[in-house]
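When we follow this note's numbering, the leftmost residue of the sequence shown carries the number 2, and every step to the right adds one.
Heads up, the beta-carbon is just placed ideally off N, CA and C, and yes, glycines get one too.
A quick write-up on the structure given underneath.
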Amino acid sequence: GVEMVRALTVFGRDDAPHGHAEVALENVELDESALVLGEGRGFEIAQARLGPGRIHHCMRAVGMAARCYDLMLERSLTRRTFGKLLWEHGMAQLAIAESKSDLECARLLTLNCAADIDERGARGARDSIASIKVTVPELTGRVADRAVQVFGGAGVSDDFPLARILAGLRTLRIADGPDDVHRRTVAAVEAKKAVKRLGLTFERSRL
(Lines of atoms letter the chains of each structure in order from A and count residues from 1; the text may use other names and numbers.)
(Lines give C-alpha, C1' and ligand atoms only; values in the text may rest on other atoms or scores of the structure.)
Protein backbone atom coordinates (compact mmCIF):
# COMPACT_ATOMS: atom_id res chain seq x y z
CA GLY A 1 0.00 0.00 0.00
CA VAL A 2 0.92 3.64 0.33
CA GLU A 3 2.67 4.70 3.53
CA MET A 4 3.60 8.22 4.59
CA VAL A 5 6.87 7.40 6.32
CA ARG A 6 7.74 10.81 7.73
CA ALA A 7 7.40 14.53 7.20
CA LEU A 8 10.64 16.12 6.04
CA THR A 9 12.26 19.30 7.25
CA VAL A 10 13.53 21.96 4.86
CA PHE A 11 16.54 23.96 6.02
CA GLY A 12 15.91 22.58 9.49
CA ARG A 13 12.31 23.79 9.60
CA ASP A 14 9.16 21.71 9.85
CA ASP A 15 7.64 21.91 6.37
CA ALA A 16 4.29 20.35 7.30
CA PRO A 17 1.48 20.17 6.46
CA HIS A 18 1.87 21.53 2.93
CA GLY A 19 5.52 20.65 2.39
CA HIS A 20 7.44 17.50 1.61
CA ALA A 21 7.33 13.94 2.92
CA GLU A 22 8.94 10.55 2.43
CA VAL A 23 6.33 8.21 0.92
CA ALA A 24 6.76 4.43 0.53
CA LEU A 25 4.91 2.52 -2.20
CA GLU A 26 4.73 -1.24 -1.63
CA ASN A 27 3.01 -3.48 -4.23
CA VAL A 28 0.72 -0.66 -5.35
CA GLU A 29 -1.36 -1.56 -8.41
CA LEU A 30 -3.96 0.52 -10.24
CA ASP A 31 -6.47 -0.56 -12.87
CA GLU A 32 -7.11 1.11 -16.22
CA SER A 33 -9.68 3.49 -14.75
CA ALA A 34 -6.84 5.30 -12.99
CA LEU A 35 -5.13 6.29 -16.27
CA VAL A 36 -5.43 10.01 -16.91
CA LEU A 37 -4.04 10.41 -20.42
CA GLY A 38 -2.63 7.05 -21.40
CA GLU A 39 -0.10 4.41 -20.46
CA GLY A 40 3.46 5.72 -20.44
CA ARG A 41 2.34 9.36 -20.72
CA GLY A 42 2.74 10.37 -17.08
CA PHE A 43 5.86 12.44 -17.75
CA GLU A 44 4.02 14.30 -20.50
CA ILE A 45 1.27 15.25 -18.05
CA ALA A 46 3.79 16.33 -15.43
CA GLN A 47 5.68 18.54 -17.86
CA ALA A 48 2.49 20.18 -19.10
CA ARG A 49 1.71 21.18 -15.52
CA LEU A 50 5.25 22.08 -14.51
CA GLY A 51 5.70 24.71 -17.23
CA PRO A 52 2.97 27.07 -15.99
CA GLY A 53 3.76 26.02 -12.41
CA ARG A 54 7.28 27.39 -12.72
CA ILE A 55 6.05 30.85 -13.61
CA HIS A 56 3.79 30.69 -10.54
CA HIS A 57 6.89 29.93 -8.46
CA CYS A 58 8.56 33.03 -9.88
CA MET A 59 5.51 35.22 -9.29
CA ARG A 60 5.51 34.18 -5.64
CA ALA A 61 9.27 34.75 -5.44
CA VAL A 62 8.83 38.32 -6.67
CA GLY A 63 6.13 38.89 -4.07
CA MET A 64 8.29 37.51 -1.26
CA ALA A 65 11.25 39.62 -2.34
CA ALA A 66 9.05 42.72 -2.48
CA ARG A 67 8.04 42.04 1.12
CA CYS A 68 11.71 41.73 2.12
CA TYR A 69 12.51 44.96 0.30
CA ASP A 70 9.72 46.87 2.04
CA LEU A 71 10.82 45.60 5.45
CA MET A 72 14.46 46.43 4.72
CA LEU A 73 13.56 49.98 3.68
CA GLU A 74 11.41 50.50 6.77
CA ARG A 75 14.13 49.10 9.04
CA SER A 76 16.79 51.34 7.57
CA LEU A 77 14.64 54.44 8.18
CA THR A 78 13.64 53.60 11.76
CA ARG A 79 16.53 51.66 13.33
CA ARG A 80 19.51 53.50 14.82
CA THR A 81 23.05 52.20 15.32
CA PHE A 82 26.07 54.18 16.48
CA GLY A 83 23.87 57.24 16.87
CA LYS A 84 22.66 57.24 13.26
CA LEU A 85 19.85 55.73 11.26
CA LEU A 86 20.83 52.59 9.38
CA TRP A 87 19.93 54.56 6.25
CA GLU A 88 22.82 56.91 6.97
CA HIS A 89 25.30 54.05 6.78
CA GLY A 90 26.54 53.32 3.28
CA MET A 91 25.91 49.58 3.50
CA ALA A 92 22.16 50.08 3.94
CA GLN A 93 21.93 52.45 0.98
CA LEU A 94 23.89 50.01 -1.19
CA ALA A 95 21.66 47.11 -0.14
CA ILE A 96 18.51 49.08 -0.97
CA ALA A 97 19.76 50.30 -4.35
CA GLU A 98 20.97 46.87 -5.47
CA SER A 99 17.81 45.18 -4.19
CA LYS A 100 15.57 47.61 -6.07
CA SER A 101 17.38 46.74 -9.31
CA ASP A 102 17.27 42.99 -8.67
CA LEU A 103 13.58 43.13 -7.77
CA GLU A 104 12.62 45.05 -10.91
CA CYS A 105 14.69 42.72 -13.11
CA ALA A 106 12.95 39.69 -11.60
CA ARG A 107 9.53 41.29 -12.02
CA LEU A 108 10.10 42.23 -15.68
CA LEU A 109 11.58 38.82 -16.56
CA THR A 110 8.50 37.15 -15.10
CA LEU A 111 6.10 39.46 -16.95
CA ASN A 112 8.00 38.89 -20.19
CA CYS A 113 7.79 35.13 -19.73
CA ALA A 114 4.05 35.34 -19.06
CA ALA A 115 3.61 37.26 -22.32
CA ASP A 116 5.73 34.65 -24.11
CA ILE A 117 3.52 31.83 -22.78
CA ASP A 118 0.42 33.70 -23.97
CA GLU A 119 1.96 34.02 -27.43
CA ARG A 120 3.71 30.67 -27.91
CA GLY A 121 2.17 28.37 -25.30
CA ALA A 122 4.05 26.66 -22.48
CA ARG A 123 5.92 24.28 -24.78
CA GLY A 124 6.97 27.00 -27.20
CA ALA A 125 8.10 29.24 -24.36
CA ARG A 126 10.06 26.51 -22.55
CA ASP A 127 13.31 28.48 -22.95
CA SER A 128 11.75 31.56 -21.32
CA ILE A 129 10.31 29.42 -18.53
CA ALA A 130 13.64 27.69 -17.91
CA SER A 131 15.43 31.04 -17.94
CA ILE A 132 13.25 32.66 -15.28
CA LYS A 133 13.26 29.49 -13.17
CA VAL A 134 17.03 29.99 -12.83
CA THR A 135 17.29 33.77 -12.76
CA VAL A 136 14.33 34.91 -10.66
CA PRO A 137 15.10 32.79 -7.55
CA GLU A 138 18.71 34.01 -7.74
CA LEU A 139 17.72 37.68 -8.00
CA THR A 140 15.02 37.51 -5.33
CA GLY A 141 17.25 35.42 -3.07
CA ARG A 142 19.81 38.22 -3.14
CA VAL A 143 17.15 40.69 -2.03
CA ALA A 144 16.14 38.46 0.87
CA ASP A 145 19.77 37.91 1.85
CA ARG A 146 20.45 41.65 1.95
CA ALA A 147 17.33 42.20 4.04
CA VAL A 148 18.55 39.63 6.58
CA GLN A 149 21.91 41.41 6.71
CA VAL A 150 20.32 44.82 7.30
CA PHE A 151 18.19 43.37 10.12
CA GLY A 152 21.16 41.67 11.74
CA GLY A 153 20.29 39.13 14.44
CA ALA A 154 16.59 39.92 14.16
CA GLY A 155 16.74 38.90 10.51
CA VAL A 156 17.51 35.27 11.32
CA SER A 157 14.87 35.05 14.07
CA ASP A 158 11.21 34.21 13.74
CA ASP A 159 10.25 37.75 14.75
CA PHE A 160 10.31 38.60 11.05
CA PRO A 161 9.56 36.47 7.94
CA LEU A 162 12.97 37.10 6.36
CA ALA A 163 14.73 33.86 7.35
CA ARG A 164 11.82 31.69 6.21
CA ILE A 165 11.59 33.59 2.92
CA LEU A 166 15.33 33.27 2.33
CA ALA A 167 15.18 29.50 2.94
CA GLY A 168 12.16 29.20 0.65
CA LEU A 169 13.83 31.08 -2.19
CA ARG A 170 16.97 28.97 -1.88
CA THR A 171 14.88 25.81 -1.93
CA LEU A 172 13.19 27.07 -5.09
CA ARG A 173 16.49 26.69 -6.95
CA ILE A 174 16.10 22.92 -6.52
CA ALA A 175 12.31 22.51 -6.73
CA ASP A 176 10.91 21.49 -10.15
CA GLY A 177 14.44 20.64 -11.31
CA PRO A 178 17.75 22.18 -10.22
CA ASP A 179 19.19 25.27 -11.88
CA ASP A 180 21.66 23.24 -13.94
CA VAL A 181 18.88 21.32 -15.72
CA HIS A 182 17.12 24.55 -16.71
CA ARG A 183 20.38 26.14 -17.86
CA ARG A 184 20.89 23.14 -20.12
CA THR A 185 17.41 23.67 -21.59
CA VAL A 186 18.15 27.33 -22.35
CA ALA A 187 21.51 26.46 -23.89
CA ALA A 188 20.01 23.68 -26.04
CA VAL A 189 17.24 25.93 -27.40
CA GLU A 190 19.75 28.68 -28.20
CA ALA A 191 22.09 26.20 -29.90
CA LYS A 192 19.28 24.81 -32.05
CA LYS A 193 18.29 28.31 -33.16
CA ALA A 194 21.91 29.09 -34.03
CA VAL A 195 22.30 25.83 -35.98
CA LYS A 196 19.22 26.66 -38.03
CA ARG A 197 20.31 30.25 -38.61
CA LEU A 198 23.82 29.26 -39.67
CA GLY A 199 22.71 26.32 -41.81
CA LEU A 200 24.78 23.83 -39.83
CA THR A 201 24.07 20.13 -39.42
CA PHE A 202 24.37 18.30 -36.12
CA GLU A 203 23.18 14.98 -34.82
CA ARG A 204 20.13 15.57 -32.66
CA SER A 205 21.77 13.77 -29.75
CA ARG A 206 24.59 16.33 -29.67
CA LEU A 207 22.19 19.17 -28.95
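Which residue marks the beginning of the beta strand (DSSP E) containing residue i, and which one marks its end?
i: residue 26; result: 22-26
Run through the DSSP bridge pairs and tell me what residue i is partnered with.
i: residue 4; result: 25
i: residue 82; result: 85
i: residue 14; result: 11
Are there 16 or more other CB atoms within 10 angstroms of the CB of residue i, so buried, or fewer, so exposed?
i: residue 134; result: buried
i: residue 195; result: exposed
i: residue 163; result: buried
i: residue 5; result: exposed
i: residue 173; result: buried
i: residue 119; result: exposed
i: residue 183; result: buried
CA-CA distance, residue i and residue j?
i: residue 145; j: residue 199; result: 42 angstroms
i: residue 70; j: residue 87; result: 14 angstroms
i: residue 165; j: residue 19; result: 15 angstroms
i: residue 179; j: residue 32; result: 33 angstroms
i: residue 102; j: residue 24; result: 41 angstroms
i: residue 95; j: residue 83; result: 18 angstroms
i: residue 177; j: residue 161; result: 27 angstroms
i: residue 80; j: residue 90; result: 11 angstroms
So the alpha helix (DSSP H) residue i belongs to, where does it begin and stop?
i: residue 162; result: Element bounds for residue 162: n/a, residue is neither H nor E.
i: residue 111; result: 91-125
i: residue 191; result: 180-199
Report, in whole angstroms, the separation of the C-beta atoms of residue i and residue j, which I expect to be a contact under 8 angstroms.
i: residue 22; j: residue 8; result: 5 angstroms
i: residue 141; j: residue 63; result: 6 angstroms
i: residue 123; j: residue 49; result: 7 angstroms
i: residue 156; j: residue 148; result: 7 angstroms
i: residue 127; j: residue 54; result: About 13 angstroms separates the two Cβ atoms, so there is no contact after all.
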